[in-house]
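Letter by letter, the sequence shown follows residues 1 to 511 in UniProt numbering. Glycine included, C-beta positions come from ideal geometry on N, C-alpha and C. Here is the structure we will look at.
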Amino acid sequence: MSDPAWTVAGLGRALRAGSLTSVEIVRRLLDRADKQDPVLGVYRTRFDGSALAAAVAADAELAAGHDRGPLHGIPVGIKDLITTREGPTTAQSVVGHRWHSVRSDAAVVTWLREAGAVLLGKVATMEFGVGGPVGQSCFRSPRNPWHTGHWTGGSSSGTGSGVAAGFFPGGLGTDTAGSIRGPAAYCGITGLKPTFGLVPVSGCVELAPSYDTVGPMARTAEDCALLLDALTGRHHHAGLTGHLSGITVGVDSLGGRGKAAAPATLTALEAAVEVLREAGATVRRIDVPWYEELTTATVLGFVAEGFAEHRTGLRRHWRSYGPQTRLALATGALLSSGDYEQVHRVRQAGRNAMNGLFGEVDLVVTPTAAGPAPALADLPGHRTIDALYTPIWNATGNPALSLPMGFTDTGLPLGLQIVGRHHAEARVLDAGHAFQTRSDWHLRIPAPAMDDMPEPVPVWSDTTVADGPVPALVKAAGLPATMAEIQVLAARYPELATRLAALYRVPSRPA
1 MSDPAWTVAG LGRALRAGSL TSVEIVRRLL DRADKQDPVL GVYRTRFDGS
51 ALAAAVAADA ELAAGHDRGP LHGIPVGIKD LITTREGPTT AQSVVGHRWH
101 SVRSDAAVVT WLREAGAVLL GKVATMEFGV GGPVGQSCFR SPRNPWHTGH
151 WTGGSSSGTG SGVAAGFFPG GLGTDTAGSI RGPAAYCGIT GLKPTFGLVP
201 VSGCVELAPS YDTVGPMART AEDCALLLDA LTGRHHHAGL TGHLSGITVG
251 VDSLGGRGKA AAPATLTALE AAVEVLREAG ATVRRIDVPW YEELTTATVL
301 GFVAEGFAEH RTGLRRHWRS YGPQTRLALA TGALLSSGDY EQVHRVRQAG
351 RNAMNGLFGE VDLVVTPTAA GPAPALADLP GHRTIDALYT PIWNATGNPA
401 LSLPMGFTDT GLPLGLQIVG RHHAEARVLD AGHAFQTRSD WHLRIPAPAM
451 DDMPEPVPVW SDTTVADGPV PALVKAAGLP ATMAEIQVLA ARYPELATRL
501 AALYRVPSRP A
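This is the structure we're talking about:
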């Protein structure tokens with residue numbers, strides 16, 4: 001097992017067999033980052049000194065017969081939206097938010113330490129989890145290890161890139177609309193968004209509190225199960241059988257949404273379905289209901305909650321926010337309290353519909369994204385949400401796993417999404433484990449990243465502001481936006497209004 005292909009489970013076996021020590025593992029991983037991180041931009045803050053000290057302590061405990069469990073001595077990376085005692089949580093922003101001064105561990109970090117994990121550092125995100133890779137010049141845009149000219153996905157960018165590049169075998173991300181699963185798909189690793197509320201988010205920078213979820217990212221579903229056990233005190237790993245006998249898998253037909261999926265994605269999906277069938281699953285073709293409505297509910301809900309969270313900061317420090325961040329958050333100012341209430345009515349009705357669906361099937365399978373990671377050069381015009389099949393599950397709160405299911409002809413990963421009933425993480429992870437015991441996509445590793453690409457730059461709309469409510473809404477919110485920025489918001493407003501109108505046509509209960 002070579003360094004970049006190290007897994008949490010494999011390293012645990014090596015530590016207990018005495019073929020590796022935690023100190024050796026940490027040193028080799030830090031050395032790998034020394035060579036490649038100048039290109040990839042994974043780390044925001046490294047904890048070399050405290051990591052080595054923790055590794056020494058972990059080795060001493062094992063030698064004395066004190067084994068904390070599967071994560072004992074295992075290095076991990078922490079997304080820079082999650083607080084740690086070693087240093088500031090920047091949220092990849094220069095805005096002086098309250099998290100900058102926090103020098104204590106989030107609950108999830110405390111539990112990782114208690115399980116024996118070794119924290120290597122804080123890794124890249126997007127500004128406040130929403131801004132996009134084109135942001136402030138003082139923060140680098142993380143790169144995709146499979147091709148540094150392509151995006152990692154966001155916002156758990158550093159964890160996705162870091163696991164794929166072999167900087168650490170596992171880590172933590174957060175997911176509000178696909179921020180674990182998107183980077184997992186684009187970087188060719190495995191990532192789990194648990195059931196909403198299963199993993200506490202205390203000590204994490206909020207974006208949208210009724211959507212935000214913390215979860216594990218690693219090379220395999222087995223590793224995600226080990227990490228999730230530490231975060232919850234449950235025993236998901238013990239439930240991994242690698243067989244799906246008696247399990248009914250519903251494969252989303254994608255409906256009209258399939259038109260957006262790349263041919264390589266559809267081909268890989270069909271091959272993945274056959275692997276699940278070989279594992280013993282009964283396969284049914286289904287139409288996932290309420291797709292557009294729940295996607296809209298996530299998009300509008302998280303910008304509304306994000307604006308509420310940052311309203312004072314935007315008024316006082318507008319120019320300090322990155323351009324993508326402030327405009328994304330300001331979109332929430334265009335929504336009324338009645339609009340937000342309708343979003344939640346739609347979410348509840350959608351949950352009821354999904355509960356009905358999961359009365360017919362045990363798991364739902366879709367692609368994670370319509371295609372591979374977009375090129376950085378294409379990002380200014382890229383519609384991230386439209387490229388993902390993830391946001392609906394944030395609206396409903398169901399657990400969802402992304403894992404690699406193939407590669408394009410150009411060598412970019414493609415992701416498979418497996419979704420289960422609320423609190424059915426064990427079944428979702430077992431399906432991923434069954435798939436990975438019968439495939440090798442997760443074992444592929446990128447070549448060392450040595451090339452570099454220029455930073456992407458934002459492209460502003462030159463749309464002229466038409467008569468409409470946007471200028472007045474921006475003024476009423478107290479936002480010091482420039483005319484060019486108001487033009488951008490005004491250009492977005494017709495689509496926003498169309499989405500809202502569709503939500504208001506939704507019945508309060510599913511048919």
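In the structure shown, the three-state DSSP call for A261 is coil.
Annotation for W111: A230, L231 place their beta carbon closer than 7 angstroms to its own, counting only its chain and skipping 5 residues before and after. Counting along the chain, R351 sits inside the alpha helix (DSSP H) bounded by residues 337-357. Across the set R113, L119, G250, S101, the C-alpha of L119 shows the shortest separation from the C-alpha of K79. Per the Cβ contact rule, the segment 263-281 is in contact with the segment 405-415 (3 or more Cβ pairs under 8 angstroms).
For the set G188, R492, D67, S104, the Cα lying nearest the Cα of P413 is the one of G188. For the pair M126 and A107, the Cα-to-Cα distance works out to about 22 angstroms.
Residue environment: S93 is assigned as buried (16 or more neighbouring CB atoms within 10 Å of its CB, all protein chains considered).
Under the Cβ criterion (8 angstroms, minimum of three pairs), the segment 153-160 does not count as touching the segment 339-358. Short of 8 angstroms from the beta carbon of I445, and not among the five residues preceding or following it, lie these beta carbons of its own chain, in chain order: S2, P4, A5, A164, G166. In this structure V102 is not in contact with T159, their Cβ atoms being roughly 20 angstroms apart against a cut-off of 8 angstroms.
Taken through DSSP and simplified to helix, strand or coil, G12 comes out as helix. Residue pairing by DSSP places R284 opposite G250 in a beta bridge. If only complete runs of 3 or more residues are kept, the segment 37-96 shows the beta strand (DSSP E) at 43-46, 75-79, in order along the chain. The three-state secondary structure of T21, taken from DSSP, is coil. Here C138 carries a coil assignment [DSSP, helix/strand/coil]. In this structure, the straight-line span from the alpha carbon of T396 to that of I180 is close to 16 angstroms. Between the segment 55-67 and the segment 139-149, the count of Cβ pairs shorter than 8 angstroms is below three; the stretches do not touch. Assigned with DSSP and collapsed to three states, V364 falls in strand. If you draw a straight line from the Cα of S336 to the Cα of H100, it is about 31 angstroms long. Taking the C-beta atoms as reference points, T174 is found nearer than 8 angstroms to L81. The C-beta of G420 has 16 or more other C-beta atoms within 10 Å across all chains shown, which makes the residue buried. Residue pairing by DSSP places C204 opposite I82 in a beta bridge. Contact annotation, E425 with P391: C-beta distance approximately 19 angstroms; criterion of less than 8 angstroms not satisfied. Within the segment 391-428, the complete alpha helix (DSSP H) segments at least 4 residues long are 391-396, listed from N- to C-terminus.
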